[in-house]
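Below is one structure, written out as C-alpha cells, with a few remarks after it.
Number of protein chains: 2
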Amino acid sequence: MYAILLTKRPTPMYAFEPPTRLTSVFETLRREIVAGELRPNSPLIELDLAERFEVSRTPVRESLQRLAAAGLVVPRKRGWAVREFSTEEIRENAEVRLALEGYAAGLAAIRASAAQIAELKAIHERRLALHSSNEKMRVKTNREFHDAIMVASGNGRLTNAIYHSGQFYFNAPIARAATGDELALGNADHELILSAISQRNADAAERAMRAHIKRTFAVFWRLTGKDVAGPPDVA
Amino acid sequence: MYAILLTKRPTPMYAFEPPTRLTSVFETLRREIVAGELRPNSPLIELDLAERFEVSRTPVRESLQRLAAAGLVVPRKRGWAVREFSTEEIRENAEVRLALEGYAAGLAAIRASAAQIAELKAIHERRLALHSSNEKMRVKTNREFHDAIMVASGNGRLTNAIYHSGQFYFNAPIARAATGDELALGNADHELILSAISQRNADAAERAMRAHIKRTFAVFWRLTGKDVAGPPDVA
DNA sequence: GTATGCGATCTTGTATGCAATATTGCTTAC
DNA sequence: GTAAGCAATATTGCATACAAGATCGCATAC
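If you read the protein sequences in the order shown, they are chains A and B. Under my numbering, the residues of the first sequence are numbered 8 to 242, in order. Under my numbering, the residues of the second sequence are numbered 8 to 242, in order.
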C-alpha cells in the first residue's frame with residue numbers, strides 16, 4: 008500500500024544527459040541517501056567520496072551541488088552533510104504530496120483516456136487477486152496504480168513534483184508492512200478512486216485520493232510513534 | 008494582480024551557506040534566466056561565463072549543476088542551454104501551482120492565528136485603498152497577500168514548492184498589466200479568499216484560491232495569444 | 001553549387017595543485 | 001582535571017592543466 012514511497016525511479020530531469028562520472032556519483036549518492044543507507048547528518052567528505060568512487064574531487068563536488076539543489080544534503084560550516092528531516096518536515100511533505108496527488112487524481116478523472124481507465128481497472132483487479140502474503144506484488148501493483156493515475160493526469164511536471172515530494176520520506180524509519188485492516192482499507196480507497204475516475208467525477212476522485220494518502224501517512228505516524236497531527240481535512 | 012509571478016526572493020534552500028564565487032555566479036545566472044535576460048535555448052559556455060564573472064571554470068561548472076537540478080538549464084549534446092518552456096509546460100506549471108496554493112489557502116483557513124488573519128485583512132484593505140494607477144503598490148500588496156497566506160498555511164515546504172513553481176513562468180512573455188475588469192475581479196477574489204479564511208472554511212478558501220489563480224492564468228493565455236485550455240475545474 | 005574529408009579549433013570532463021581556513025589534538029598553565 | 005594556546009592536520013574553494021571528443025571551416029571533388 009505504501010510502495011510508492013519506496014519507488015526507485017530515475018529522475019527524468021537529466022534524460023538526455025550522457026553518463027559521466029559525475030552522473031554516476033550523483034545517482035549513487037542520491038539513492039543511498041534516499042534509501043537511508045547514508046545516515047542523516049553524516050558529513051560528506053569530498054576526498055573520502057572521491058577515493059570511494061575512484062574519481063577525483065571534481066565530479067564529487069559537482070554531484071554534491073546537485074544533491075544540495077535537490078535538498079538531499081545541507082551545508083555545514085564546512086562541507087555538506089546528509090539532510091535530516093524532522094517529523095515536522097515529514098508532515099509538511101505529506102501535505103505537499105496530498106495537495107499534488109489529490110489534484111492529479113482529479114485531473115485524471117477529467118483527462119484519462121478510456122484505455123487508461125481500463126488499464127487502471129486491470130491493475131486494481133490484479134491487486135485484489137493477490138494472496139495476502141505476496142508483499143512484493145502488493146508493493147508493485149500499488150506503485151503501478153499510483154503511477155497510472157499520475158500519467159493519466161496528463162501533466163508531466165505534476166508527476167515529477169509528486170515523485171520528488173516522495174523522496175523526503177525515506178529518511179524516516181520506514182515500515183513496509185501495514186496491518187491487515189490497513190491493507191483492506193487501502194484497497195477500498197483504491198476502489199473508490201478508481202470508481203470516481205471511471206465516472207469522470209473529478210471532485211470525488213480528488214477527495215478519495217486525499218483520504219487514501221492521509222491514511223497512508225497515518226500508518227507512518229503510528230509506526231514512528233510520533234504524535235503529529237496529519238494533514239487536516241480539506242475539500 | 009500577477010505580481011507574485013514576478014517576485015524575486017532569495018530561495019531559503021542554502022540559507023546557512025557562506026557566500027562564495029559559486030553562490031554569486033549561481034544567483035546571478037538564476038536571476039537572469041528567470042527574468043528572461045538570458046534567452047531560452049541560448050547555450051551556456053563555461054569559459055565565456057568564467058570570463059564574464061572573472062572566475063575560473065570550477066565555480067561556473069558547479070553553478071551549472073545547481074541550475075540543472077533546479078530545472079533552469081537543460082543538457083545539450085554538449086554543455087548546457089537555458090531551458091525553454093513550451094506553452095504546454097506553462098500550463099502544467101499552472102496546474103501545479105493551482106494544486107499547491109489552493110491547498111495552502113485551505114490550510115491557512117484552519118491554522119491561521121488571529122493575528123495572521125488580521126494582517127491579511129490589513130493587507131487587503133491597503134490594496135483596496137490604492138489608486139488604480141498605482142501599479143507598483145498593487146504588485147506589492149498582491150505579493151504580500153499571497154505570501155501571508157502561504158505563511159499562515161504553517162507549511163514551509165509547501166511555501167517553498169509554491170515559490171519554485173512560480174519560477175517557471177518568467178520565461179514566457181509576461182504582462183504586468185491586466186484590464187480594469189480583471190483587476191476588479193482579482194480584488195473580488197481576494198475578498199472571497201479572505202472571507203473564507205476568516206470563517207475558517209477550508210473548503211471555500213481552497214476553491215476561492217483556485218478560482219483566483221485560474222483567472223490569473225487566463226490573463227496569461229489571453230496575452231500570449233495561445234489557445235491553451237487552462238486547468239479544468241476541480242473541487 | 002553541393003557534398004565530402006580532414007585538420008584546426010573549441011569545449012567539455014576530469015585530475016591535480018595550491019592557498020586559505022576550519023578542525024584537531026597536543027602541550028602547558030592553573 | 002580543565003582550560004587555553006598553538007602547532008599540525010584536514011578540508012575546502014578555486015585555479016589550472018590536459019586529454020578526449022565534438023564542431024567548424026575550408027579545401028577539394030564531383
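Just so you know, even glycine gets a beta-carbon here, dropped at the ideal spot from N, CA and C.
Flagged as an interface residue toward chain B: A:F23, by a C-beta distance shorter than 8 Å.
Assigned with DSSP and collapsed to three states, B:V80 falls in strand. Considering only A:Y170, A:L114, A:S31, the residue with the shortest C-alpha distance to A:A211 is A:L114. Looking at the DSSP output, B:L51 bridges to B:W87. For the region 47-78 of chain A, residues whose beta-carbon sits nearer than 9 Å to a beta-carbon of chain B comprise T65, R68, E69, S70, L71, Q72, R73, L74, A75, A76, A77, G78.
Look at the beta carbons and you see the region 74-82 of chain B not touching the region 126-146 of chain A: under three pairs across the two are nearer than 8 Å. The beta carbons of A:R229 and A:L105 sit no closer together than 8 Å. Annotation for A:H131: the continuous alpha helix (DSSP H) segment containing it runs 121-135. Judged by beta-carbon spacing, A:A215 lies beyond the 8 Å limit of A:L190, meaning their Cβ atoms are not closer than that value. A buried status is given to A:A155, since no fewer than 16 other beta-carbon atoms sit within 10 Å of its beta-carbon. Taking CB atoms only, A:P82 has a neighbour in chain B less than 8 Å away.
Between B:L127 and B:I204, the CB-CB gap stays under 8 Å. Close CB contacts of A:E91 within its chain, under the 6 Å cut and outside five residues either way in sequence, are with P47, N48 (chain order). Between the alpha carbons of A:N162 and B:T30 lies a distance of about 32 Å. Scanning B:R207, B:S139, B:M144 for the CA closest to the CA of B:A159 turns up B:R207. Cβ-Cβ separation between A:V67 and A:E53: approximately 5 Å, consistent with a contact (criterion under 8 Å).
Taking the beta carbon of A:A168 as reference, the chain B residues within 8 Å of it are V103, A168, S172, listed in sequence order.
Rounded to the nearest angstrom, the gap between the Cα atoms of A:D55 and A:H171 is 28 Å. In the three-state scheme derived from DSSP, where H, G and I count as helix and E and B as strand, B:R46 is classed as coil. Closest in C-alpha terms to B:E39, from the list B:V80, B:S140, B:S63, B:E102, comes B:V80.
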